[in-house]
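K.L.:
Before I ask anything, here is the structure I am working with.
Here you go:
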């Protein structure tokens with residue numbers, strides 16, 4: 001099949017370093033006689049509108065070139081034009097998706113089995129397998145009609161860390177998230193009281209952090225769902241209860257080691273749908289690093305099984 005690659009590239013990803021990769025991308029695809037075009041995004045939401053406008057063109061692969069924010073916007077563009085009533089084979093053949101991880105965190109790409117090396121990830125676009133992946137949907141906060149996500153949702157400590165990391169223009173990758181986590185740990189914001197519903201359970205919790213994952217990793221360094229599988233039809237849930245600074249520091253270290261369940265103040269589980277309602281205080285939340293709410297009161301998160309076809313390795317587990 002003679003596929004056409006539309007590469008949606010965020011030139012300011014990774015603090016502008018993504019723009020420096022354009023010539024390498026052009027050289028690779030030209031050398032391999034591939035039909036392609038590169039479209040540069042011009043602001044927030046532009047990647048979504050570009051992706052949405054491309055979904056009706058057959059035999060096309062829509063590629064997100066940037067970080068997690070770019071991948072998130074492209075996923076939203078693809079999903080907004082999807083047809084849930086269509087047969088899975090018809091829908092998935094139309095929504096072909098690829099990723100070039102040239103951003104800061106690249107957590108979605110990591111969980112999806114995309115190599116971090118640019119040349120290897122471009123080669124994968126040409127030689128990889130179309131593999132169905134799940135997509136998450138979060139409703140509430142600034143998105144009452146919902147926003148899709150590929151990697152995961154963070155609530156509380158995780159979301160506050162993301163906001164702080166975004167302010168650190170002088171640091172790249174995991175370093176900005178680790179420093180932001182330390183800063184947030186020192187401040188230790190007051191945790192809200194939340195009523196959570198999942199898998200037929202109802203609990204009242206006071207969490208420092210809630211992580212709801214489709215992928216494996218957050219913030220370039222924190223493995224919130226080390227065994228996450230993007231095609232199992234489930235969200236992986238991690239709840240770390242509010243504790244002392246030392247307890248939270250221990251939790252962070254275990255996240256980085258990929259062993260969140262070993263923390264005494266942490267519980268884990270999985271679900272197709274999770275509902276959250278604040279009883280006191282408020283929630284700060286993000287999806288794929290994009291702010292969902294700063295003072296939210298209700299959120300609903302669900303998984304949409306096998307919603308997109310991603311070019312990747314054969315197994316994502």
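In our numbering, the protein residues as written are 1 to 317. Ideal Cβ positions, reconstructed from N, Cα and C, are used throughout, including at glycine.
If the criterion is Cβ atoms closer than 8 Å, does the pair residue 51 and residue 78 meet it?
P.N.:
Yes.
K.L.:
Pull up the DSSP beta-bridge partners for residue 202, would you.
P.N.:
197, per the DSSP bridge assignment.
K.L.:
Which value, in whole angstroms, describes the spacing of the CA atoms of residue 142 and residue 236?
P.N.:
Answer to the nearest angstrom: the Cα atoms are 23 Å apart.
K.L.:
Give the range of the beta strand (DSSP E) segment to which residue 146 is assigned.
P.N.:
Per DSSP, residue 146 belongs to the beta strand (DSSP E) from 143-149.
K.L.:
Out of curiosity, what's the CA-to-CA distance linking residue 156 and residue 284?
P.N.:
So the two alpha carbons sit approximately 5 Å from each other.
K.L.:
Counting pairs of beta carbons, one from the segment 229-249 and one from the segment 264-281, are three or more of them closer than 8 Å?
P.N.:
Taking 8 Å as the limit for Cβ pairs, the verdict is that the segment 264-281 does touch the segment 229-249.
K.L.:
Which residues in the same chain as residue 318 place their Cβ atom closer than 6 Å to its Cβ, once the five residues preceding and following it in sequence are excluded?
P.N.:
There is simply no residue 318 to check, as the chain begins at 1 and stops at 317 in what is shown.
K.L.:
Let me check one thing: in DSSP terms, what residues is residue 318 bridge-paired to?
P.N.:
Since the first and last residues shown for the chain are 1 and 317, residue 318 lies out of range.
K.L.:
Pull up the distance between the alpha-carbon of residue 179 and that of residue 56, whole angstroms please.
P.N.:
In a straight line, the C-alpha of residue 179 is about 43 Å away from that of residue 56.
K.L.:
Using a threshold of 8 Å, state whether the C-beta atoms of residue 37 and residue 7 are closer than that.
P.N.:
Cβ atoms of residue 37 and residue 7: closer than 8 Å.
K.L.:
Please give me, in chain order, every unbroken run of the alpha helix (DSSP H) with length at least 4 that falls completely inside the segment 11-82.
P.N.:
If we require 4 residues or more, the alpha helix (DSSP H) runs fully inside the segment 11-82 come out as 22-31, 46-54, 68-80.
K.L.:
Quick test of your reading: residue 100 and residue 74, contact by CB under 8 Å. State the CB separation rounded to the nearest angstrom.
P.N.:
In fact, because the Cβ distance is near 11 Å, the residues do not count as touching under 8 Å.
K.L.:
Would you report the Cα separation of residue 154 and residue 209, rounded to the nearest angstrom?
P.N.:
For residue 154 and residue 209, the distance between alpha carbons rounds to 7 Å.
K.L.:
How many angstroms separate the CA atom of residue 191 from the CA atom of residue 198?
P.N.:
Cα to Cα, the separation comes out at about 20 Å.
K.L.:
Check each candidate in 245, 302, 4, 42 and name the one with the smallest Cα separation from residue 213.
P.N.:
The candidate whose alpha carbon is nearest that of residue 213 is 302.
K.L.:
Just the C-alpha distance for residue 202 and residue 308, rounded to the nearest angstrom, thanks.
P.N.:
When rounded, the distance between both Cα atoms is 31 Å.
K.L.:
Inspect the beta-carbon positions of residue 110 and residue 217 and report whether they are closer than 8 Å.
P.N.:
The answer is yes: Cβ separation under 8 Å.
K.L.:
Counting pairs of beta carbons, one from the segment 246-259 and one from the segment 114-131, are three or more of them closer than 8 Å?
P.N.:
In short, these stretches do not touch, since the Cβ pair count stays below three.
K.L.:
Keeping to the same chain, check which residues put their C-beta closer than 6 Å to that of residue 194; ignore five residues upstream and five downstream.
P.N.:
So the list reads 205, 276, 278, once near-sequence residues are dropped.
K.L.:
Relative to the alpha-carbon of residue 159, which residue among 290, 24, 71 has its alpha-carbon at the smallest distance?
P.N.:
Closest by alpha carbon: 290.
K.L.:
Here's a check: name, in chain order, each residue in its chain whose Cβ is nearer than 6 Å to the Cβ of residue 29, leaving out the five neighbours to either side.
P.N.:
Only 36 meet the Cβ criterion.
K.L.:
Which term fits residue 44, buried or exposed, when burial requires 16 or more other beta carbons within 10 angstroms of its beta carbon?
P.N.:
Classification of residue 44: exposed, given that the 10 Å Cβ count is below 16.
K.L.:
If you drop the 5 nearest sequence neighbours on each side, which residues of the same chain put their C-beta closer than 6 Å to that of residue 146?
P.N.:
Excluding residues within five positions, the ones whose Cβ falls inside 6 Å are 137, 139.
K.L.:
Give the secondary structure of residue 326 by DSSP, where H, G and I count as helix, E and B as strand, and everything else as coil.
P.N.:
Because the chain spans 1 through 317 in this model, residue 326 falls outside it and cannot be assessed.
K.L.:
To the nearest angstrom, report how far apart residue 152 and residue 19 are at their CA atoms.
P.N.:
Residue 152 and residue 19: Cα-Cα distance of roughly 26 Å.
K.L.:
Secondary structure at residue 125, three-state DSSP: helix, strand or coil?
P.N.:
If DSSP states are grouped into helix, strand and coil, residue 125 belongs with the helices.
K.L.:
Mind checking residue 65: buried by the 16 CB within 10 Å criterion, or exposed?
P.N.:
It is buried - the Cβ of residue 65 has at least 16 other Cβ atoms within 10 Å.
K.L.:
From what residue to what residue does the alpha helix (DSSP H) around residue 246 run?
P.N.:
245-256 is the span of the alpha helix (DSSP H), which, as asked, contains residue 246.
K.L.:
Distance check for residue 261 and residue 134, CA to CA, integer angstroms please.
P.N.:
Between residue 134 and residue 261, the C-alpha separation is close to 23 Å.
K.L.:
Express the C-alpha separation of residue 148 and residue 299 in angstroms, rounding to a whole number.
P.N.:
Using only the alpha carbons, I get a separation of about 13 Å.
K.L.:
Considering residue 112, what are the terminal residues of the alpha helix (DSSP H) in which it resides?
P.N.:
It is not in any alpha helix (DSSP H) - residue 112 carries neither H nor E in the DSSP assignment.
K.L.:
Which residues in the same chain as residue 215 place their Cβ atom closer than 8 Å to its Cβ, once the five residues preceding and following it in sequence are excluded?
P.N.:
Hits under 8 Å: 107, 108, 110, 111, 112, 150, 151, 152, 225, 228, 230.
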